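-12 is the number of the first residue of the sequence shown in our numbering; add one for each residue after it. First up is the structure itself, then whatever we jot down about it.
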Amino acid sequence: MMLMIKKLKHCLKPAGQLASVCVLYGLFSTAAEAVKVEQNGINVQFSLESLTGSGEKPIADTDAVFRFDISDNFGAPVAGAYPAVWMQRRAESVPTDKNACQNMLKTFIGGSVMSQPTLNLNVYYVLVMNDDASISVVDPLFGFGGTNLLGMIALSSPGYDWSLSEQQQRLFVSLPQSQKLAVVDTASFKVIREIELGVEPGRVILQPDEHYVWVAYNPVADEQPDKGGVIVIDVLAGRQVAKIQTGGGKHQISFSADNRYAFIANEQGGGVSVIDVDKLKKVEDIASGKRPASIAYSSAADAVYITDSETGSIVGINASTLKVNSRTQVAPGLGQIRFAPGGRFAVVVNPLNDKVYIWDALNDRIVKSAKVEKGPDQVSFTDTLAHIRHQGSETVFMLSMDVITDPSVAMQVVDFPAGQSAFGIASSPADGIVQTPGENAVLVAHPVDRQVYYYKEGMAAPMGSFKNFNRRARAVLAVDRTLQETVAGRYETVARLADAGSYDVVFFMESPRLLHCFAASVLPNKKQLNLQPYPVLAQRLSTGSVKKGKTTTLRFRLSDAKLGTPLTGLSDLQVLTVLAPGIWQDRQGALELGEGIYSIELTPPRAGAYYVSLNASWKNKNLLPPWNLMFRATA
């Protein structure tokens, strides 16, 4: 999806018109109200409904499912398409004809800072867990003022581990110092609650059906060290339903595919505790070694595998019968085990002897190994590669899927430098390397460099990076807003709707080529009817002509449209000034002068029309943002 959107930008001529190769006349429907359209032998059916299901109509400020079913004229699903979708508010009485639809597409592909759609379903956001009780929210595709930072999520203490729901609407973050579990809404990027646990939480894992989130915990200082275990949280209710003691030390968690059993590997005691998920009771303790380090489930073998750092063994336990299948001696120091797509072959790291191993779960044996850099400690997968992070090096090693899944292929590794310094010992078990949505590329969180690097597979080095503003990055993840093919020919995503009203849903496919603007209606949110926001009125106070290259003071008065009273105390008021058509911009905080009057100092670089956007936390103040101001600088 990201590649397709970037590629589309070449279709824009300097004059702002779509190049002829990007336009197929006759592919535009004038019936914007249709929920199904047929063009060029392709059928697209669109539906928009509440995330709660049951065909409920979409409601303002709630989550909704955007669904597109794409098929040919014979009814066969069109798989592997990459549709792009935007949602834009429109006037009730203005129909959307083919020219208006085409112009919206041109505008949205252009990506102008002044022409953003109401909702963009072609983007992803990067979340960075920091060491200072915050999570950075980064837009990797759009930035202004020299930064891609969208905002910060404040936590009551530094995060340790996190788990993102499948539909990517909720993020659960463990907070050991404050003994809480934070629940983050990824639509608003705000903490909606912090659940009191009374113990220090560690790992956080959502079970496969996402009914419960499991939180490993360590006892507080005055309790016995062997009384650790897991706390079980009901996801929908947002409350604790069980606290189960399993053993001491750090804990690793895995599940059977049918959600019947949870497996808890206890660092102290050398065992794995098995919990019946329906009964929320421990049913068995299985000896697996002396110091379990990692646990992972193999779908191909229907078994969980536990690595032991002290004995150097890998133990397999049948996930249905709970019987030990195998005990294989490898080498002391074993660390993380992680299965590649398909669930048969796993990559196992050993930070003590600087080796990586390939484990075959169907035959319970190591099939190959290789020496790598100092202290390999984390494994993550993309669609085509495994990436291996090292404690004692900045180098990331990569293994192709052929190397991992074909025992006859020799063990070959390639690498790239991810930064300037060694990564160091990870301060979080969460992934430090993740795939970017829709691309063969990864994001690499580097705590020492205080950067997040972007690396595209096949390149010799990262193509770029995002600054983390002097914060050490503990982990990184990507929240994907793009359409996903859930079954052949069906493309879906979940997004938070804006205000009630009429909208155009702009749907575009490059191959097969199709463009259509579907009509959609969003109903008012009854809970918000009594809290309807009212607009802010912005008035520029004239101070004479503005000359290019000369510093001028821009003053403006802000008042509310409901009462006409001046708006004071806007400490977060930011002013974005853009030279049309977006070739220069300036962002700065406004100075409050009193009685609703604010000002900035500005030096226009050239003659032309300038647009001024006033940004603050309007929604938190139950206000609607003001219209953009405009002034012209002369030579």
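Yeah, the Cβ is synthetic: ideal placement off N, Cα and C, and Gly gets one too. This one's a predicted model, so the numbers in the text were calculated from it and none came from an experiment.
Can you list, in chain order, the residues of its chain with a C-beta nearer than 7 Å to that of residue i? Leave out the 5 residues immediately preceding and following it.
{"i": "lysine 361", "result": "Asp341, His377, Gln378, Gly379 and Ser380"}
{"i": "lysine 608", "result": "none"}
{"i": "proline 195", "result": "Phe242, Ala244 and Asn246"}
{"i": "glycine 411", "result": "Gln378, Pro434 and Val435"}
{"i": "glutamate 588", "result": "Thr538 and Thr540"}
Pick from the options: whose alpha carbon is nearest that of residue i?
{"i": "valine 160", "options": "Gly146, Lys537, Phe53 and Phe618", "result": "Gly146"}
{"i": "lysine 454", "options": "Val565, Val124, Val186 and Ala603", "result": "Val124"}
{"i": "tyrosine 111", "options": "Gly476, Gly425 and Arg247", "result": "Gly425"}
{"i": "valine 463", "options": "Lys237, Ala482 and Thr423", "result": "Thr423"}
{"i": "leucine 151", "options": "Val264, Pro163 and Asp172", "result": "Asp172"}
{"i": "serine 395", "options": "Val421, Ile420, Thr469 and Asp347", "result": "Asp347"}
{"i": "leucine 554", "options": "Lys514, Ser604 and Pro592", "result": "Ser604"}
{"i": "alanine 174", "options": "Val466, Val259, Asn602 and Leu616", "result": "Val466"}
{"i": "glutamate 582", "options": "Tyr478, Arg542 and Ala66", "result": "Arg542"}
{"i": "threonine 49", "options": "Lys514, Pro591, Asp126 and Val261", "result": "Lys514"}
{"i": "valine 24", "options": "Glu43, Leu38 and Ile57", "result": "Ile57"}
{"i": "leucine 309", "options": "Ile262, Asn107 and Asp295", "result": "Ile262"}
{"i": "methionine 388", "options": "Ser367, Ala405, Pro404 and Phe403", "result": "Ser367"}
{"i": "asparagine 602", "options": "Gly189, Gly299 and Val562", "result": "Val562"}
{"i": "tyrosine 521", "options": "Ser307, Pro613 and Met446", "result": "Pro613"}
Does the distance from the CB of residue i to the CB of residue j come in under 7 Å?
{"i": "glycine 491", "j": "threonine 105", "result": "Rather than glycine, the amino acid found at residue 491 in this sequence is aspartate. It is not a contact, given that the beta carbons lie outside the stated cut-off."}
{"i": "tyrosine 199", "j": "valine 186", "result": "no"}
{"i": "arginine 527", "j": "isoleucine 584", "result": "no"}
{"i": "arginine 458", "j": "aspartate 119", "result": "yes"}
{"i": "aspartate 351", "j": "glycine 303", "result": "yes"}
{"i": "alanine 487", "j": "proline 511", "result": "yes"}
{"i": "isoleucine 324", "j": "valine 335", "result": "yes"}
{"i": "serine 121", "j": "methionine 139", "result": "yes"}
{"i": "glycine 419", "j": "glutamine 365", "result": "yes"}
{"i": "valine 291", "j": "isoleucine 282", "result": "yes"}
{"i": "valine 115", "j": "proline 127", "result": "no"}
{"i": "lysine 214", "j": "glutamine 232", "result": "yes"}
{"i": "glycine 322", "j": "alanine 66", "result": "no"}
{"i": "alanine 63", "j": "methionine 496", "result": "no"}
{"i": "proline 70", "j": "leucine 470", "result": "yes"}
{"i": "valine 202", "j": "leucine 162", "result": "no"}
Buried or exposed for residue i, please, with buried defined as at least 16 other CB atoms from any protein chain shown within 10 angstroms of its CB.
{"i": "isoleucine 570", "result": "exposed"}
{"i": "glycine 132", "result": "With a pLDDT of only 41 at glycine 132, under 50, the local geometry of the prediction cannot be trusted, and no value is derived from it."}
{"i": "valine 217", "result": "buried"}
{"i": "leucine 142", "result": "buried"}
{"i": "glutamine 407", "result": "exposed"}
{"i": "proline 279", "result": "buried"}
{"i": "threonine 94", "result": "buried"}
{"i": "phenylalanine 61", "result": "exposed"}
{"i": "methionine 74", "result": "buried"}
{"i": "glutamine 438", "result": "buried"}
{"i": "valine 383", "result": "buried"}
{"i": "glutamine 316", "result": "exposed"}
{"i": "tryptophan 149", "result": "buried"}
{"i": "leucine 223", "result": "exposed"}
{"i": "asparagine 253", "result": "buried"}
{"i": "leucine 372", "result": "buried"}
{"i": "histidine 374", "result": "buried"}
{"i": "methionine 624", "result": "The chain is shown only over -12 to 622; residue 624 falls outside these bounds and no answer can be derived."}
In angstroms with no decimal places, state the Cα-to-Cα distance between residue i and residue j.
{"i": "leucine 267", "j": "leucine 550", "result": "57 Å"}
{"i": "aspartate 59", "j": "glutamate 472", "result": "16 Å"}
{"i": "alanine 72", "j": "glutamine 103", "result": "For the record, residue 72 in the displayed sequence is valine; it is not alanine. So the alpha carbons of these two residues sit roughly 13 Å apart."}
{"i": "alanine 47", "j": "alanine 525", "result": "26 Å"}
{"i": "serine 285", "j": "proline 328", "result": "10 Å"}
{"i": "isoleucine 96", "j": "cysteine 504", "result": "15 Å"}
{"i": "leucine 580", "j": "valine 523", "result": "18 Å"}
{"i": "leucine 610", "j": "proline 338", "result": "54 Å"}
{"i": "valine 474", "j": "glutamine 156", "result": "20 Å"}
{"i": "valine 228", "j": "serine 415", "result": "26 Å"}
{"i": "methionine 385", "j": "alanine 413", "result": "19 Å"}
{"i": "serine 144", "j": "valine 178", "result": "13 Å"}
{"i": "arginine 77", "j": "asparagine 86", "result": "15 Å"}
{"i": "proline 590", "j": "phenylalanine 494", "result": "Note on residue identity: the sequence assigns threonine, not proline, to residue 590. If you take the alpha carbons of threonine 590 and phenylalanine 494, they lie about 41 Å apart."}
{"i": "aspartate 265", "j": "leucine 108", "result": "37 Å"}
{"i": "glutamate 297", "j": "glutamine 255", "result": "11 Å"}
Can you list, in chain order, the residues of its chain with a C-beta nearer than 8 Å to that of residue i? Leave out the 5 residues immediately preceding and following it.
{"i": "threonine 621", "result": "Ser532, Val533, Lys534, Lys535 and Ala594"}
{"i": "leucine 35", "result": "Pro45, Ala51, Val52, Phe53, Arg54, Val492 and Ala507"}
{"i": "serine 356", "result": "Lys342, Val343, Tyr344, Ile345 and Met398"}
{"i": "glutamate 43", "result": "Glu36 and Ser37"}
{"i": "proline 592", "result": "Lys535, Gly536, Leu566 and Trp571"}
Starting from the C-beta of residue i, find all residues in its chain whose C-beta is less than 6 Å away, skip the five residues before and the five after it, and write them out in chain order.
{"i": "valine 22", "result": "Phe33"}
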